[in-house]
Amino acid sequence: MRSAPLSHLATHEVSNQPEVRGDIDLWISDPVLRETAALAGAQPQKLADYGCTMGRSEMREAGREANANPPRLELFDRGGRRLDEVRFHPAYHRLMEASQSAGYAAIAWEGQPGGHATHAAMVYLASQVEPGHCCPMTMTYAAIPALSADSAIAADWRPKLMARCYDPTVTPIGEKRAATLGMAMTEKQGGSDVRANSTIARRDGDHWRLKGHKWFCSAPMSDGFLTLAQAPGGLTCFLLPRWLEGERNAIHLMRLKDKLGNKANASSEVEFHDALAFQLGGEGDGVRTIIEMVHHTRLDTAMAPAGLMRAALAEAHHWVQHRSTFQRRLIDQPLMRAVLADLVLDWEGSLTLGLRVAQAFDSSDPADRAFARIGVALAKFLANKRCPVVVVEAMEVVGGMGYVEETGLPLLYREAPLNGIWEGSGNVICLDILRSLARDPLAAETLKAELVAASGVDARYDAALTEHAARWPALPPEAEARWFAERTAHMLTASLLIRKGPAAVADMYTATRLAGDSGRIPGAIAAGDVGGVLARLGGT
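Per UniProt numbering, the very first residue in the sequence shown carries number 1; after that it's consecutive.
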């Protein structure tokens, strides 16, 4: 048995410091996840196994090690020959192996009920432990449906992308046990406007050669990338294999991004020097082809912030349960309870909405598919606007200790803005929401049905629904798009909580997010069933 650290020191005795948390079963300790996953039709045993694995001390330590030892770019070997490789710490590979073996990237496509909901819950769980390794797996998950645009490409790549194992070897796809796919879309001059991309594609027999650059190439050690380039027929989607038979594809890594957030994963700038590529989808249909991948990555960018919020709140809750000030435990002090309860609403609301959207991803019904398109944008927008607020307040709950890397809160704080930027920043998402509602009547109908479904239960919700319809009888002007998106997302979340959540949470969410019975700062709320809301934190 490992000896306990010393508390009796030469100058003082260590007291009033919570013990370091040991193994934590992320499934058993999270009643909100268990309940919302069941409502979404997710696969409980798969989540129970994954939550148990990822919550172990050794996996959390692997997350810390992977971030303390960032990946290194190796452009050349000792003789000056190009490598263009990224070296990762062994802890990163341990995380990838655990998550890929659990089915993070594959489970949604294996044909079992609730696959997307199970995947979404895995994103939530993995983000609590080490969010960086989620990037290549999320890209792989999201790329699989895009490959259906070419049956031959899908036949070669899909089995390797869906393999329940991890193979980081530098070798062509045909020789690998498993593979990952990344994405390279953004260029310096265009940003979100991918139609402004300048990378050129020229035909070379039955394939193409790409020449140009990408300002952001996610997960540069992936086995291939989906990218966009200008072909004679217009902007076209291509698959670039990373490794070729007997040679390396002409994908040159220029540098790794020194980015905010996690340090475990690598993001890069790349250049294509007549890199070999295969056309995916019709020439000129690049955006239409790759948008399927973007649609699915948006689900993950809606779920990850819920995981970050959960991780931050778990740290804060553990602290206040075992820390005393002014002769009382922190958890027993009314103002502290109000702050934590308010933060719980953002976390539970985000998880509830995210998994409801994931449930729609699992359906083939046209109405559900339409709801998935509009719902994922609303979920992504709201969750990512609340995530930084929740994380920084959790850090403040812990105080100066929360500002120290060992708690994990600084990493969560740095990571909190990420998912609000990727796959459409706030303005892009809001404009997409307006476009979806304008172009897709079924999306508008299904959204309205979800909102109306909760009417007649809470007079405050009914009043908010009436006010919403009166304020925006039609789509709002562009300048009000954020206001409309925020209000609609809060309404949708409240509707779900009223219909399917616990009364204490539904009541407080409706009062504070819709009825205006609160200030704009976390914890500035009126009295309610604070105890009932705090009970949702479970065994953190």
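Note that beta-carbon positions come from the ideal geometry of N, C-alpha and C, so glycine has one too. Remember, predicted model here, so these are calculated numbers, not experimental data.
Report buried or exposed for F76, applying the criterion of at least 16 other Cβ atoms within 10 angstroms of its Cβ. Along the sequence shown, read from residue 1 onward, the residue named residue 76 stands at position 76. It counts as exposed.
Where the alpha helix (DSSP H) containing R482 begins and where it ends: Against the sequence shown, residue 482 aligns to sequence position 482. That run of the alpha helix (DSSP H) goes A481 to K500.
Are G523 and D332 touching if we call contact CB-CB under 8 Å? The residue given as residue 523 occupies position 523 in the sequence shown. The residue given as residue 332 occupies position 332 in the sequence shown. The answer is no: Cβ separation not under 8 Å.
So, is C165 buried or exposed, given that buried needs 16 or more other C-beta atoms within 10 angstroms? Within the sequence shown, the letter at position 165 stands for residue 165. So C165 ends up on the exposed side.
Quick check: what's the CA-CA separation for N261 versus V320? On the sequence shown, residue 261 is found 261 positions in, with the first residue counted as 1. On the sequence shown, residue 320 is found 320 positions in, with the first residue counted as 1. The sequence given here has Gly at residue 261, not Asn. Going from the Cα of G261 to the Cα of V320 covers about 26 Å.
For the putative contact between A312 and A66, defined by C-beta atoms under 8 Å, what is the C-beta separation to the nearest angstrom? Residue numbering aside, residue 312 sits at position 312 when the sequence shown is read from its first letter. Residue numbering aside, residue 66 sits at position 66 when the sequence shown is read from its first letter. Their Cβ separation, rounded to whole angstroms, is 19 Å, which puts A312 and A66 out of contact at 8 Å.
Of all the options T540, A463 and L534, which has the alpha carbon lying nearest to the alpha carbon of T510? Here residue 510 is taken as the residue at index 510 of the sequence shown, counted from 1. For T510, the nearest C-alpha among the options comes from A463.
What is the rounded straight-line gap between the Cα of P18 and the Cα of L235? Within the sequence shown, numbered from 1, the residue matching residue 18 stands at position 18. Within the sequence shown, numbered from 1, the residue matching residue 235 stands at position 235. Their Cα atoms are separated by approximately 56 Å.
Just verifying my parser: in three-state terms, what is the DSSP assignment at F88? Start at 1 with the first residue of the sequence shown, and residue 88 comes out as number 88. If DSSP states are grouped into helix, strand and coil, F88 belongs with coil.
Return yes when the Cβ of P305 is within less than 8 Å of the Cβ of A219, no when it is not. Here the question's residue 219 lines up with position 219 in the sequence shown. Here the question's residue 305 lines up with position 305 in the sequence shown. No, the pair does not count as a contact, with Cβ atoms beyond the cut-off.
Restricting to Cα atoms, I'd like to know which of N249, A126, D285 and L244 is closest to Q237. In the sequence shown, the residue the question calls residue 237 occupies position 237. Checking the displayed sequence, the identity of residue 237 turns out to be Cys instead of Gln. The candidate whose alpha carbon is nearest that of C237 is D285.
N427 beta carbon less than 8 Å from that of N384: Taking the first residue of the sequence shown as position 1, residue 384 is located at position 384. Taking the first residue of the sequence shown as position 1, residue 427 is located at position 427. Going by C-beta atoms, N384 is not nearer than 8 Å to N427.
When DSSP builds the beta bridges, which residues end up paired with residue 558? As shown, the chain starts at 1 and ends at 540. That puts residue 558 outside it, with no answer to give.
Is the stretch 71-87 close to the stretch 146-160, with three or more CB pairs under 8 Å? no
Would you mind reading off the limits of the alpha helix (DSSP H) that contains Q279? To locate residue 279, count along the sequence shown from 1; it is residue 279. Here Q279 belongs to no alpha helix (DSSP H); instead the beta strand (DSSP E) covers S267 to L280.
Output yes or no for whether 8 Å exceeds the beta carbon distance between E130 and K214. For the purposes of this step, residue 130 is taken as residue 130 along the sequence shown, with counting starting at 1. For the purposes of this step, residue 214 is taken as residue 214 along the sequence shown, with counting starting at 1. Not closer than 8 Å, so no.
In whole angstroms, give me the CA-to-CA distance for S468 and Q128. Along the sequence shown, read from residue 1 onward, the residue named residue 468 stands at position 468. Along the sequence shown, read from residue 1 onward, the residue named residue 128 stands at position 128. The sequence shown places His at residue 468, not Ser. Distance between the alpha carbons of H468 and Q128: 35 Å.
Enumerate in chain order the residues of its own chain whose CB-to-CB distance from T53 is below 8 Å, with the five nearest sequence positions on each side excluded. What you label residue 53 is simply residue 53 of the sequence shown in a count that begins at 1. So the qualifying residues of the chain are M59, A98 and A102.
Is S495 near the ligand FAD, in the sense that its beta carbon is under 7 Å from a heavy atom of that ligand? With respect to the ligand FAD, the structure shown offers nothing to examine, as it has no ligands at all.
Verify whether the separation of the beta carbon atoms of A302 and A394 is less than 8 Å. For the purposes of this step, residue 302 is taken as the residue at position 302 of the sequence shown. For the purposes of this step, residue 394 is taken as the residue at position 394 of the sequence shown. No, the pair does not count as a contact, with Cβ atoms beyond the cut-off.
Test item: CB-CB of A377 and I433 under 8 Å: Numbered from 1 along the sequence shown, position 377 holds the residue referred to as residue 377. Numbered from 1 along the sequence shown, position 433 holds the residue referred to as residue 433. Yes, the Cβ-Cβ distance between A377 and I433 is below 8 Å.
S436 burial status per 10 Å Cβ neighbour count (16 or more: buried): Numbered from its first residue, the sequence shown carries residue 436 at position 436. The residue in question, S436, is buried, as its Cβ has 16 or more Cβ neighbours within 10 Å.
Can you tell me whether A438 is buried or exposed, with buried defined as 16 or more other CB within 10 angstroms of its CB? As a working mapping, residue 438 is identified with position 438 in the sequence shown. By the 10 Å Cβ count, A438 comes out exposed.
Top-ranked residue by Cα proximity to A358, from A37, H12 and D30: Indexing the sequence shown from 1 puts residue 358 at position 358. The candidate whose alpha carbon is nearest that of A358 is A37.
How about W347 and Q279: do their beta carbons lie closer than 8 Å? If you number the sequence shown from 1, residue 347 lands on position 347. If you number the sequence shown from 1, residue 279 lands on position 279. No; because the gap between Cβ atoms is not below 8 Å, this pair is not in contact.
Quick one: measure Cβ to Cβ for A142 and A163, integer angstroms, because I've assumed they're closer than 8 Å. Here residue 142 refers to the residue found at position 142 of the sequence shown. Here residue 163 refers to the residue found at position 163 of the sequence shown. That belief does not hold up - the Cβ atoms of A142 and A163 are roughly 17 Å apart, past 8 Å.
Using a Cβ-Cβ cut-off of 6 Å (strictly less than) and excluding sequence neighbours within five positions of D23, which residues of its own chain qualify? Working through the sequence shown from its first residue, we reach residue 23 at position 23. The residues are R56 and S57.
Please state whether DSSP places G234 in a helix, a strand or coil. Here residue 234 refers to the residue found at position 234 of the sequence shown. Note: G234 maps to strand in three-state DSSP.
How would you write the range of the alpha helix (DSSP H) that I153 sits in, first residue to last? Here residue 153 refers to the residue found at position 153 of the sequence shown. I153 -> alpha helix (DSSP H) spans S151 to L161.
D440 beta carbon less than 8 Å from that of R499: Looking up residue 499 in the sequence shown gives position 499. Looking up residue 440 in the sequence shown gives position 440. In this structure, D440 does not lie closer than 8 Å to R499 by Cβ.
With 16 other Cβ atoms within 10 Å as the buried cut-off, status of H116: The residue labelled residue 116 in the question sits at position 116 within the sequence shown. Classification of H116: buried, given that the 10 Å Cβ count is 16 or more.
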